[in-house]
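> Residue numbers (mature numbering (1 follows the signal peptide of the UniProt record, and there is no 0)): -18 to -1, 1 to 197.
No residue lacks a Cβ here, since even glycine has one placed at the ideal position from N, Cα and C.
All values reported here derive from a predicted model rather than from experimental measurement.
This is the structure, below, for whatever I ask next.
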């Protein structure tokens, strides 16, 4: 079994130590922007990076399993039509995968215009008319209260500096008895090495560090 202690010298030697999130005594703590070494902008600043052979290639590999997971949970708890928000949708991988299934009305929100452009182009290619994308922040979502039956948050929570504020806003747009579904791989140094360094930096050739916290 590979231990964290055994991994640390290797990470330092390979120059990957700076990519690790800063350990926090409170996993929900607000991270002052001045203290983070993380870049949440450059990894998503071009349409090409979201292609299946771009720097987000690892997400394309993981997406089928994630979409199935979200779909199964939503169908088990709710009745169609399912009005779903994909918060921090990026290139729309989850949004479009859900919209391709029966019974979904999907809204995708992200800060990156380039990611949204890719998401919209992929929806158009698939002739999906039940999904829309718009620019927005998880700290101030552009929707009225109780707008959605479910909110999905895929590979987003680890990027947020003010997690309590974002969670409060996600709760605001959820209807009573609605579902908040999320996934994040940043559980430990080991999972970071396998999934983040492996999927993003090797498979996807993503040389930016953009994960703020562990879960």
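In angstroms, rounded to a whole number, what distance separates the CA positions of residue 55 and residue 139?
Within the chain shown, numbered from 1, the residue matching residue 55 stands at position 73. Within the chain shown, numbered from 1, the residue matching residue 139 stands at position 157. So the alpha carbons of these two residues sit roughly 19 Å apart.
> Which of the three DSSP states, helix, strand or coil, is assigned to residue 109?
Counting from one through the chain shown, the residue named residue 109 turns up at place 127. Three-state result, residue 109: coil.
> Have a look at 142, 124, 53 and 50 and flag the residue whose alpha-carbon is nearest the alpha-carbon of residue 14.
Looking up residue 14 in the chain shown gives position 32. Comparing Cα-Cα distances from residue 14 to each of 142, 124, 53 and 50, the minimum goes to 142.
> Mapping the DSSP letters down to three states, classify residue 185 as helix, strand or coil.
In the chain shown, the residue the question calls residue 185 occupies position 203. With a pLDDT of only 44 at residue 185, under the threshold of 50, the placement of this residue in the model should not be trusted; the figure read from the coordinates follows. Residue state, collapsed to three classes: helix.
> Residue 188 to residue 132, Cα distance in whole Å?
Taking the first residue of the chain shown as 1, we reach residue 188 at position 206. Taking the first residue of the chain shown as 1, we reach residue 132 at position 150. Per-residue confidence for residue 188 stands at a pLDDT of 47, beneath the threshold of 50, marking its modelled position as unreliable; the derived number appears in the next sentence. Those two C-alpha atoms are separated by around 30 Å.
> Here's a check: name, in chain order, each residue in its chain whose Cβ is nearer than 6 Å to the Cβ of residue 63, leaving out the five neighbours to either side.
The count along the chain shown starts at 1 and reaches residue 63 at position 81. Counting only Cβ-Cβ distances below 6 Å, and skipping sequence neighbours, we find 85 and 87.
> Buried or exposed for residue 69, please, with buried defined as at least 16 other CB atoms from any protein chain shown within 10 angstroms of its CB.
One-based indexing of the chain shown puts residue 69 at position 87. Residue 69 comes out buried.
> Are residue 82 and residue 110 closer than 8 Å when you measure CB to CB?
Along the chain shown, read from residue 1 onward, the residue named residue 82 stands at position 100. Along the chain shown, read from residue 1 onward, the residue named residue 110 stands at position 128. Cβ atoms of residue 82 and residue 110: closer than 8 Å.
> Return the CA-CA distance between residue 156 and residue 60, expressed in angstroms with no decimal places.
Locating residue 156 in the chain shown gives position 174, where the first residue counts as 1. Locating residue 60 in the chain shown gives position 78, where the first residue counts as 1. Answer to the nearest angstrom: the Cα atoms are 13 Å apart.
> Output the distance between the C-alpha atoms of residue 137 and residue 145, rounded to the nearest integer angstrom.
For this step, residue 137 is matched to residue 155 along the chain shown. For this step, residue 145 is matched to residue 163 along the chain shown. Going by the C-alpha atoms only, they are around 13 Å apart.
> Which ranges does the beta strand (DSSP E) cover as unbroken runs of at least 3 residues, wholly within the stretch 67 to 97, from first to last along the chain?
Counting whole runs of 3 or more residues, the stretch 67 to 97 contains the beta strand (DSSP E) stretches 86 to 92.
> Can you tell me whether DSSP reads residue 16 as helix, strand or coil?
Along the chain shown, read from residue 1 onward, the residue named residue 16 stands at position 34. Here residue 16 sits in helix by DSSP.
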